[in-house]
Amino acid sequence: MPKQKPPARRTAGTVRSWPGTPFPQGATYDGRGTNFSVYSEEAESIELCLFDGDGNETRLEMGEVHAFNHHIYLPGVGPGQKYGYRVHGPWAPSKGSRFNPNKLLLDPYGKAVDGEIEWGPEVYDYDFDDRTQMSTLDSASNMPRSVVINPYFDWRDDKSPNTRLPDTVIYEAHVRGLTKTHPDVPPELRGTYAGLATEPIIDYLKQLGVTAIELMPIHEFIHDEFLVRQGLRNYWGYQSINYLAPHHAYSAWGAEGQQVQEFKHMVSTLHEAGIEVILDVVYNHTGEGNHLGPSLAMRGVDNSIYYRLDPNDPEKYVDYTGTGNSLNVRSPHVLRLIMDSLRYWILDMHVDGFRFDLAAALARELHDVDRLSAFFDIIQQDPIISQVKLIAEPWDIGEGGYQVGNFPTLWSEWNGRYRDNVRGFWRGDEQSLGEFANRFTGSSDLYESNGRRPNASINFITAHDGFTLRDLVSYNEKHNDANGEGNRDGESHNLSWNSGVEGPTDDEEICELRERRVRSFLTTLMLSQGVPMLTMGDELGRTQQGNNNAYAQDNEISWVDWESADVDLLAFTQRLIRLRRTHPVFRRRRWFQGMSVRGGSTEADIGWFTPGGDVMTDDDWKAGFARSLAVWLNGDAIPSRDQQGERITDDDFLVLFNAGDEPITFTIPTPVAGGWVVEFDTATHDDSTRPDAAPVDIFQLEVADRAVVVLRRPRES
Numbered sequence: 032m033p034k035q036k037p038p039a040r041r042t043a044g045t046v047r048s049w050p051g052t053p054f055p056q057g058a059t060y061d062g063r064g065t066n067f068s069v070y071s072e073e074a075e076s077i078e079l080c081l082f083d084g085d086g087n088e089t090r091l092e093m094g095e096v097h098a099f100n101h102h103i104y105l106p107g108v109g110p111g112q113k114y115g116y117r118v119h120g121p122w123a124p125s126k127g128s129r130f131n132p133n134k135l136l137l138d139p140y141g142k143a144v145d146g147e148i149e150w151g152p153e154v155y156d157y158d159f160d161d162r163t164q165m166s167t168l169d170s171a172s173n174m175p176r177s178v179v180i181n182p183y184f185d186w187r188d189d190k191s192p193n194t195r196l197p198d199t200v201i202y203e204a205h206v207r208g209l210t211k212t213h214p215d216v217p218p219e220l221r222g223t224y225a226g227l228a229t230e231p232i233i234d235y236l237k238q239l240g241v242t243a244i245e246l247m248p249i250h251e252f253i254h255d256e257f258l259v260r261q262g263l264r265n266y267w268g269y270q271s272i273n274y275l276a277p278h279h280a281y282s283a284w285g286a287e288g289q290q291v292q293e294f295k296h297m298v299s300t301l302h303e304a305g306i307e308v309i310l311d312v313v314y315n316h317t318g319e320g321n322h323l324g325p326s327l328a329m330r331g332v333d334n335s336i337y338y339r340l341d342p343n344d345p346e347k348y349v350d351y352t353g354t355g356n357s358l359n360v361r362s363p364h365v366l367r368l369i370m371d372s373l374r375y376w377i378l379d380m381h382v383d384g385f386r387f388d389l390a391a392a393l394a395r396e397l398h399d400v401d402r403l404s405a406f407f408d409i410i411q412q413d414p415i416i417s418q419v420k421l422i423a424e425p426w427d428i429g430e431g432g433y434q435v436g437n438f439p440t441l442w443s444e445w446n447g448r449y450r451d452n453v454r455g456f457w458r459g460d461e462q463s464l465g466e467f468a469n470r471f472t473g474s475s476d477l478y479e480s481n482g483r484r485p486n487a488s489i490n491f492i493t494a495h496d497g498f499t500l501r502d503l504v505s506y507n508e509k510h511n512d513a514n515g516e517g518n519r520d521g522e523s524h525n526l527s528w529n530s531g532v533e534g535p536t537d538d539e540e541i542c543e544l545r546e547r548r549v550r551s552f553l554t555t556l557m558l559s560q561g562v563p564m565l566t567m568g569d570e571l572g573r574t575q576q577g578n579n580n581a582y583a584q585d586n587e588i589s590w591v592d593w594e595s596a597d598v599d600l601l602a603f604t605q606r607l608i609r610l611r612r613t614h615p616v617f618r619r620r621r622w623f624q625g626m627s628v629r630g631g632s633t634e635a636d637i638g639w640f641t642p643g644g645d646v647m648t649d650d651d652w653k654a655g656f657a658r659s660l661a662v663w664l665n666g667d668a669i670p671s672r673d674q675q676g677e678r679i680t681d682d683d684f685l686v687l688f689n690a691g692d693e694p695i696t697f698t699i700p701t702p703v704a705g706g707w708v709v710e711f712d713t714a715t716h717d718d719s720t721r722p723d724a725a726p727v728d729i730f731q732l733e734v735a736d737r738a739v740v741v742l743r744r745p746r747e748s
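Numbering-wise, the sequence shown is residues 32 to 748 according to the working numbering.
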């Protein structure tokens with residue numbers, strides 16, 4: 032590919048400029064002009080670079096500085112204007128300073144970005160032949176541009192559905208992957224924000240029954256050079272470069288600021304359908320990589336402010352994330368950037384919550400994870416951010432980084448303990464039944480001690496990172512050859528079981544076993560206390576052909592294959608979610624008290640029984656070889672009231688679990704005997720509804736291997 036010529040540089044000429052104001056940060060259009068402000072403590076001077084339609088560059092010195100904010104106001108400059116910064120200062124990597132005015136930089140507070148990086152030595156601040164020397168190559172022709180946006184949008188009467196956490200069902204999805212192959216989405220809208228807002232997708236999400244869509248990263252992100260060289264793309268998006276800009280490539284309407292309007296349209300449409308929007312956000316690191324990475328934005332604006340530098344070697348970074356750098360959350364300015372970003376997405380973009388990637392990295396004050404760090408303190412007192420859904424991925428890769436159960440009271444957490452235990456249970460591993468009972472009832476052992484409730488647990492079996500649910504029952508080993516890393520990448524400890532054959536098979540018995548296990552996983556997930564999270568396509572039988580690290584696969588491996596959807600599984604999942612929504616006994620807002628059910632008493636809120644119908648004893652709970660048990664949920668012992676103050680009651684449920692490899696006959700426990708309706712049996716494909724089914728006396732019931740049976744006893748009114 033021939034190299035682009037550097038853009039023609041023009042003097043400021045007749046461009047009018049006023050001093051402007053230090054706040055707000057970024058480029059802010061007020062209807063008559065645009066204020067530009069960028070923060071740097073060590074910069075000696077900063078130039079604002081404007082680009083016309085032909086790519087010609089005009090530089091203006093930002094002579095006004097207040098509290099390290101360099102600012103300027105340009106009357107007549109408005110939406111669509113492309114710009115960047117050149118920052119002058121010391122270039123001394125050994126001391127942590129990496130200023131290089133030859134590098135055009137994106138605005139850390141930019142609200143839109145246009146264009147892709149053209150990878151080459153131009154975007155690195157050091158000389159490739161001698162890394163101790165500053166690069167003199169100009170990067171402007173290789174860099175995307177920040178774009179001034181139009182902040183105005185007619186939200187009409189948009190309102191957040193504001194679904195209570197206990198009533199929430201989360202659907203983790205990817206803007207591109209969910210819509211890319213959908214036959215009823217117009218081709219020009221597939222893979223975009225607009226595509227996600229089309230009627231076929233909205234109707235699908237409503238019929239599925241989910242209440243919130245959790246979008247994988249949509250902050251502006253980059254495609255790493257080593258991926259681009261292999262013809263791959265950063266599909267997942269965990270390489271953010273701008274925290275206030277929606278990713279330009281997901282826009283169908285244009286990338287010169289239109290992506291902002293399109294994103295708002297998507298949110299408004301989802302809200303109208305009663306669906307919340309949660310963003311997966313990556314404030315723990317950026318896409319600029321380690322000390323050998325490119326200079327694209329924050330590194331060149333003020334390296335030592337934005338990043339955690341190694342105190343023993345300031346040229347290098349502290350890395351708690353496995354990506355080469357960690358954002359310096361100890362810096363007041365970086366904290367302000369994160370909080371400004373969060374407030375912007377809530378107030379201007381109307382999103383309903385956030386899932387924080389590697390959140391433990393944000394809690395590190397010095398090296399240890401501090402539950403009361405400044406980051407959490409600020410969120411706790413913020414009147415805007417504290418009111419939305421806050422979900423932590425409660426770990427990072429640093430020492431002591433696994434912090435499941437240790438986040439503050441406002442937070443919910445991805446419960447990795449739930450994922451691992453439920454996977455192990457249905458694989459038939461030898462483990463304590465008590466652990467499974469804890470996970471099924473909301474993980475009180477993790478969350479109750481600090482005043483949190485069952486909705487602190489975000490329950491999941493699969494997520495974007497790892498096997499799909501279909502692959503979890505079809506593969507023992509990862510198959511990541513398409514990633515170009517010799518199958519060395521991705522997690523090797525998956526707690527999966529291929530059900531007898533690795534990968535695709537025509538064996539009917541194995542196929543039926545796999546389908547049964549998938550249904551049992553889904554049933555466990557939807558009936559557990561806490562907040563269930565379903566991964567995009569698991570309800571359709573989506574497969575990645577055994578790839579458990581499809582981060583670079585922007586292709587059929589990752590996209591939902593709508594043409595091959597398992598419609599029976601979809602109908603089963605819809606019924607499960609409907610059952611959960613209809614019956615509050617599965618959505619308790621308080622913990623079970625677990626009073627005894629011995630002696631025939633039915634005043635307890637929950638009871639656990641052996642397959643023989645006996646109350647579980649301590650020995651039963653500790654029996655590592657046991658694979659089966661039953662749980663009774665008392666619908667008359669729900670400690671909640673509705674909005675009119677009336678006590679909430681429900682039908683009773685008896686759930687029979689058999690994770691063993693042989694069928695088991697369960698005896699219905701005497702304390703809860705009576706007429707029951709079989710609501711679900713994961714050993715069958717029956718997806719019929721039973722609104723008028725009459726209860727019948729059931730004394731014994733055979734449950735197939737690797738199966739769940741759900742019995743409902745209607746409560747007399």
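All residues carry an ideal CB built from backbone N, CA and C; glycine is no exception.
Exposed unless 16 or more other CB atoms sit within 10 angstroms - verdict on residue i
{"i": "H97", "result": "exposed"}
{"i": "Q292", "result": "buried"}
{"i": "K509", "result": "buried"}
{"i": "N507", "result": "exposed"}
{"i": "Y155", "result": "buried"}
{"i": "H364", "result": "buried"}
{"i": "A58", "result": "buried"}
{"i": "K237", "result": "exposed"}
{"i": "G643", "result": "exposed"}
{"i": "T720", "result": "Confidence is the limiting factor: at T720 the pLDDT is only 47, short of 50, which leaves the residue's position unreliable, though a coordinate-based value still follows. T720 should be labelled exposed."}
{"i": "G655", "result": "exposed"}
{"i": "D650", "result": "exposed"}
{"i": "P33", "result": "Reliability of the predicted coordinates at P33 is poor, the pLDDT of 39 falling under 50, and the value obtained from them is presented with this limitation in mind. Exposed, because fewer than 16 other Cβ atoms sit within 10 Å of the Cβ of P33."}
{"i": "H381", "result": "buried"}
{"i": "R743", "result": "buried"}
{"i": "W763", "result": "The shown model of the chain, from 32 to 748, leaves out residue 763, and the question about it has no answer."}
{"i": "Y183", "result": "exposed"}
Per DSSP, the bridge partner or partners of residue i
{"i": "T59", "result": "N66"}
{"i": "T696", "result": "E733"}
{"i": "M165", "result": "Y157"}
{"i": "W113", "result": "For the sequence presented, residue 113 should be read as Lys rather than Trp. F82 and V178, per the DSSP bridge assignment."}
{"i": "I387", "result": "The amino acid at residue 387 is misidentified as Ile; the sequence shows Phe. F387 pairs with V312 and A423."}
{"i": "P820", "result": "The shown model of the chain, from 32 to 748, leaves out residue 820, and the question about it has no answer."}
Residue i: first and last residue of the uninterrupted beta strand (DSSP E) it sits in
{"i": "Y104", "result": "N100 to P106"}
{"i": "S271", "result": "S271 to P277"}
{"i": "Q27", "result": "Since the first and last residues shown for the chain are 32 and 748, residue 27 lies out of range."}
{"i": "T89", "result": "E88 to E92"}
{"i": "E307", "result": "E307 to V312"}
{"i": "E539", "result": "Premise fails: E539 lies in the alpha helix (DSSP H), E539 to L558, not in any beta strand (DSSP E)."}
{"i": "D408", "result": "No beta strand (DSSP E) holds D408; the alpha helix (DSSP H) holding it covers A405 to Q412."}
Identity of the residue in the options nearest residue i by Cα
{"i": "E693", "options": "P277, E72, G226 and W457", "result": "W457"}
{"i": "L464", "options": "G497, W639 and E203", "result": "W639"}
{"i": "F491", "options": "K190, P700 and W445", "result": "W445"}
{"i": "Y266", "options": "L209, G482, I244 and N525", "result": "L209"}
{"i": "G226", "options": "D681, L664, K211 and W150", "result": "K211"}
{"i": "F406", "options": "D383, I369, W426 and Q418", "result": "I369"}
{"i": "E747", "options": "G531, F438 and G705", "result": "G705"}
{"i": "D520", "options": "V200, N580 and R483", "result": "N580"}
{"i": "G749", "options": "E153, G62 and E95", "result": "Any answer about residue 749 is impossible in this case: the structure gives the chain only from 32 up to 748."}
{"i": "I422", "options": "G151, A583 and L310", "result": "L310"}
Residue i - containing alpha helix (DSSP H), residue span
{"i": "G465", "result": "L464 to F471"}
{"i": "W445", "result": "Careful: W445 lies outside any alpha helix (DSSP H), inside the beta strand (DSSP E) at S443 to W445."}
{"i": "H364", "result": "P363 to L378"}
{"i": "F684", "result": "Taken as a continuous stretch (DSSP letters only), F684 belongs to no alpha helix (DSSP H), being part of the beta strand (DSSP E) at D683 to N689."}
{"i": "A661", "result": "Segment S659 to L664 is the beta strand (DSSP E) holding A661; no alpha helix (DSSP H) there."}
Item checked: Start-end ranges of the alpha helix (DSSP H) lying completely within the region 326-357, minimum 4 residues -> 329-337
Checklist line | alpha helix (DSSP H) runs contained entirely in the region 478-528, provided each spans 4 or more residues | finding: 500-503
Notebook entry, point to check: Whole alpha helix (DSSP H) runs in the region 196-282 with 4 or more residues, listed along the chain?
Noted result: 206-210, 224-227, 230-239 and 256-259
Item checked: Sequence ranges, beta strand (DSSP E) only - wholly within the region 581-654, length at least 3 -> 637-640
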